[in-house]
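*Asks:* What follows is a structure written as structure tokens; I'll ask about it next.
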Ligand code: BES
Ligand code: ZN
Ligand code: ZN
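Residue numbers (our numbering): 706 to 1179.
Next up, the structure:
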């Protein structure tokens, strides 16, 4: 399905073409459609299809960017199952660039589904989704460019996350990154294999992968435009599978753990979009790609690991593996001297308990930076909320035998104690420059929600892109 913006009023029901009107409930009841619809029992809640005119009415409580984005997805999904080749969408009220962007992005992200493993791929007659802009209120070229780049990047991230763990191994992610750098052109790609990781003394990272027959990889993508004003380094948890290790997950909790690479995939998607948009910011994306498995050589609860930063870590639970991979990657990332350092990770089930499945947790020591990121995330359409660190939770990760313990000693506050664990490996000079984003909830949900299909959502990509673009403006 293609999206476009039309400056002529084609809202007339040409054969094979459907129409949709997005309207607030209060405007609908005053509209000429109200009387007719009422005779069918529709009073302005949700969608109603007037077959005769091939017109879908979409009523929302209020028209804002969130409802427009969701309506874009909902309209595109609705017509995917009907025999129309195009749908022309009108918005009641004034249009502008951000409304146009929201609607078209919603449409492109709403129709994505993972069909790679179906022997029959469903086909849809719908080929075009057209926004009507008859008053010429939208800068079409700019809006369409950004919509295509961001949607493509989010959908590609969803596709890699949905890729089965048998296929999507650390080597596969590394190959993907190499291909990406060739495709995009202005991206460099460096891969660290097992031997290089040993040389780098990334012993915590290596321990996690030890029982896997798939070797680990550190992926380092960089985008260095001329005249860059800032350097942002992103780090992503790329666990291509997390069975829990010897602290094995119960069967029901193991399913979906192919999505434990979501943070790593997200940072690759962000850098791709930023490079294609040509932002004047230097960006690095570092993915810690590993597989947490069991075996005779597995790392164990009771082990003590020597991390790259030099701090020792007592392992009490091998299922708290993401933070072990991340701290070595964060150490490598700090050597790049970032102005801002952000990690994205499906780090804790506790974050999902705290905020629900649809919201990511933002943590860090810099309130202003956290607030800035939250604002950009919300504007991008991703739900995020900040979780506060405190000194009492920090005591829970103290270890008797090592410098720090990989799990908290209380069953409560797990999202924050995981964040505080990472914080132990952030050098003093970067403490105020660092953010940790726990995307464990929204990264992968096994039901359709908002503009997301069942499965991977691409959480982190839209928020990360908006945040970086905002840094370019600041
Ligand atoms: N990958 C999981 C976290 C997770 C849970 C992601 C649910 C997505 C959905 C992580 O490695 C993990 O297992 N964390 C443990 C930590 C615990 C052992 C301290 C958890 O959350 O239970
Ligand atoms: Zn785990
Ligand atoms: Zn994990």
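Even for Gly, the Cβ is constructed at its ideal location relative to N, Cα and C.
(1) Over what stretch of residues does the alpha helix (DSSP H) that includes residue 857 continue unbroken?
(2) Out of curiosity, what's the CA-to-CA distance linking residue 1007 and residue 1038?
(3) Taking only the alpha-carbon atoms, compute the straight-line gap between residue 740 and residue 935 and give it to the nearest angstrom.
(4) In three-state DSSP terms, what is residue 752?
(5) Is residue 1013 buried or exposed, if buried means 16 or more other CB atoms sit within 10 Å of its CB?
(6) For a quick check, are the C-beta atoms of residue 1056 and residue 1123 less than 9 Å apart?
(7) Thinking C-alpha only, which one of 1148, 933, 915 and 1131 is nearest residue 860?
(8) Going by CA-CA distance only, name the one from 1015, 1065, 1045 and 1047 that's closest to residue 1054.
(9) Determine, using beta carbons only, whether residue 815 and residue 772 come nearer to each other than 9 Å.
(10) Would residue 791 and residue 833 qualify as a contact pair, given that the criterion is a beta-carbon distance under 9 Å?
(11) One question on the structure: do residue 976 and residue 990 come within less than 9 Å of each other, judged by their Cβ atoms?
(12) Is the region 924-940 in contact with the region 1106-1125, if contact means three or more CB pairs nearer than 8 Å?
(13) Return the first residue and the last residue of the alpha helix (DSSP H) that residue 777 is part of.
(14) Report all residues from its chain with a CB closer than 7 Å to the CB of residue 721; omit the five preceding and five following residues, and keep chain order.
(15) Confirm, please, whether the CB-CB distance from residue 1027 to residue 954 is below 9 Å.
(16) Going straight from the alpha carbon of residue 961 to that of residue 995, what length do you get?
(17) Exposed or buried, what is residue 852 when buried is set at 16 or more other beta-carbons lying within 10 Å of its beta-carbon?
(18) Taking three-plus beta-carbon pairs below 8 Å as touching, is the region 1061-1079 in contact with the region 1095-1103?
(19) Considering only their Cβ atoms, is the gap separating residue 798 from residue 729 smaller than 9 Å?
(20) Ignore the nearest five residues each way along the sequence and tell me which others in residue 908's own chain have a CB closer than 6 Å to its CB.
*Replies:* So, from the data block:
(1) 845-867
(2) 28 Å
(3) 57 Å
(4) strand
(5) buried
(6) yes
(7) 1148
(8) 1065
(9) no
(10) yes
(11) yes
(12) no
(13) 770-785
(14) 789 and 790
(15) no
(16) 16 Å
(17) buried
(18) no
(19) yes
(20) 1010 and 1011
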